[in-house]
Amino acid sequence: MGNLIAALALLVSIFGAAWVAYQDTGRWRRLERYGNAVQSARPGSLEQTTLQSVFDQLALPLALEALAPPRKKLRRWAWVAIYVGLVIETVWFLMVAVNQRGWLSWTVYGIGLAVLVTGVLLRGTWRERRQQWMREEMQRRLAQLPTPAHSN
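Our numbering numbers the first residue of the sequence shown as 33 and each following residue consecutively.
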């Protein structure tokens, strides 16, 4: 029973880290699909116009994200904490697998879980700061656009 709990805890930890990585790559894949669809649509058609509009809506935030000032330290520490947490959880799983189920194994589990959660929270903070900068940058760029003269 203990091995089953350890295996489930390790799977949950791995799933959490994989989900974080998938969120980053998913947006680029979706953008690529829309880009391919825009290229294969008939030029000048309603389909191409609609797909181009969706593509532009997806591409603008990603382009602004690429222009974002580097905040590498926070992001780096977040990933370090996530990976260290996974390593500690793996050590705990191995301890349980060899019937080491005392206070030491639960201490290792608690430390690993705390480090993993800290990494996920740091990454969330980093993403929120990046999105805030992107919103500010978008507002600044929109404010710089010339307003069209309306003729009645």
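Ideal Cβ positions, reconstructed from N, Cα and C, are used throughout, including at glycine.
Everything numeric in this text was worked out from a predicted model, so none of it was measured.
Between Ile-37, Pro-75 and Val-119, which lies nearest to Gly-151 when the distance is taken from Cα to Cα?
The option with the nearest alpha carbon to Gly-151 is Val-119.
- Query: Contact between the segment 137–150 and the segment 105–121: three or more CB pairs below 8 angstroms?
  - Reply: yes
DSSP state of Asn-131 mapped onto helix, strand, coil: coil
- Query: Using a Cβ-Cβ cut-off of 6 angstroms (strictly less than) and excluding sequence neighbours within five positions of Val-149, which residues of its own chain qualify?
  - Reply: none
Open item on the list: Quick check: Val-70 and Gln-84, are their CB atoms within less than 9 angstroms of each other?
Closed with: yes
Out of curiosity, what's the CA-to-CA distance linking Arg-172 and Gln-163?
14 angstroms
| task | Just the C-alpha distance for Leu-40 and Pro-75, rounded to the nearest angstrom, thanks. | result | 52 angstroms
Taking just the CA atoms, how far does Arg-108 sit from Leu-126? 27 angstroms
### Residue nearest to Val-147 in terms of C-alpha spacing, selected from Met-170, Ala-110, Glu-79 and Pro-178
Ala-110
Quiz prompt | Residue of Ile-37, Arg-133 and Val-86 minimising C-alpha distance to Arg-62 | solution = Checking every option, the nearest Cα to that of Arg-62 belongs to Val-86.
Item to complete: Taking only the alpha-carbon atoms, compute the straight-line gap between Asn-68 and Arg-167 and give it to the nearest angstrom.
Response: 27 angstroms
Consult DSSP for Gly-144 and reduce its assignment to one of helix, strand or coil.
Three-state DSSP puts Gly-144 in a helix.
Exercise for the section: Return the CA-CA distance between Val-112 and Thr-82, expressed in angstroms with no decimal places. Expected result: 41 angstroms
> Within 10 angstroms of its Cβ, does Ser-137 collect 16 or more other Cβ (buried), or is it exposed?
Replying inline: With 16 or more Cβ atoms within 10 Å of its Cβ, Ser-137 is classed as buried.
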